[in-house]
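Residue numbers (full-length UniProt numbering): 1 to 233.
Note that CB positions come from ideal geometry on N, CA and C, so glycine has one too.
For reference, the structure is listed below as structure tokens.
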């Protein structure tokens, strides 16, 4: 990892928003999943929750432009438990959903811990999820159609969340807990070594101020020892 890349990764982690997330409840078209993940990366979201139909949906790499490397997509079985879990952590869960109680998306305070729930491309948010969330939000439409494509709607709403947080200084200093910051810094900067450490159950080694492994010789020796047929070698 070059020093330039190290500092770019640090700058990106410094702007990540651990209390802003997205729940994709049944979004299944690869290009939509990829576009939403790319938007999440662009606005500083670190974690996304995905309830995938039959667990078979995949991401279109071209649309994501590599963003899936920087955003952690957590596959979940169903939305209700995710909603309850986040609400239990003090997160307001909003659904992009047209209803009698929906408010224009700009009227919401996104500086609060927030999760945005997005429904399926064809049917939208399920009745169960709509009843469980804290608020429905809509994007006012000026034409004949009732809504934007799900990935476009996500981008519009998340751009508003990003702007509100930027205005309040949320991107000006690191907000990720220190241990997770260090873990992500290593995984993003040294992906191959991280995979080896994960496979062998070895803690990630410390990095110096330029992002290099401090004691690479010791790490190499440990990995060689783990793979040696003779434990004394």
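(request) Taking the CB atoms as reference points, tell me whether residue 132 and residue 83 lie closer together than 8 Å. (result) Yes, they are a contact pair.
(request) Identify which residue in 171, 8 and 181 has its Cα closest to the Cα of residue 15. (result) Measuring from the Cα of residue 15, the nearest candidate turns out to be 171.
(request) Within the same chain, show all residues whose beta-carbon is closer than 7 Å to that of residue 161, passing over the 5 residues directly before and after it, in chain order. (result) Hits under 7 Å: 20, 43, 110 and 114.
(message) Considering only their Cβ atoms, is the gap separating residue 219 from residue 205 smaller than 8 Å?
(response) Result yes, Cβ atoms of residue 205 and residue 219 sit closer than 8 Å.
(request) Could you pull the start and end residues of the alpha helix (DSSP H) that residue 127 belongs to? (result) It spans 127-132 - the alpha helix (DSSP H) in which residue 127 sits, taken as one unbroken run.
(request) Determine the direct distance from the alpha carbon of residue 105 to that of residue 141, and round the result to whole angstroms. (result) Roughly 12 Å between the two C-alpha positions.
(request) Jot down the residue ranges of each uninterrupted alpha helix (DSSP H) in the segment 140-183, minimum 4 residues, whole runs only, in chain order. (result) Here the runs fully enclosed are 150-167.
(message) With DSSP as the reference, identify every bridge partner of residue 50, one or two as the case may be.
(response) DSSP lists 24 and 75 as the bridge partner or partners of residue 50.
(message) Using only the alpha-carbon positions, how far apart do residue 17 and residue 91 sit?
(response) Computed Cα separation, rounded: 13 Å.
(request) Give the DSSP bridge partners of residue 94, in chain order. (result) The partner list for residue 94 (beta bridge, DSSP) reads 116 and 135.
(request) Could you tell me whether the Cβ atoms of residue 25 and residue 118 are closer together than 8 Å? (result) Contact check for residue 25 against residue 118 passes: the beta carbons are separated by less than 8 Å.
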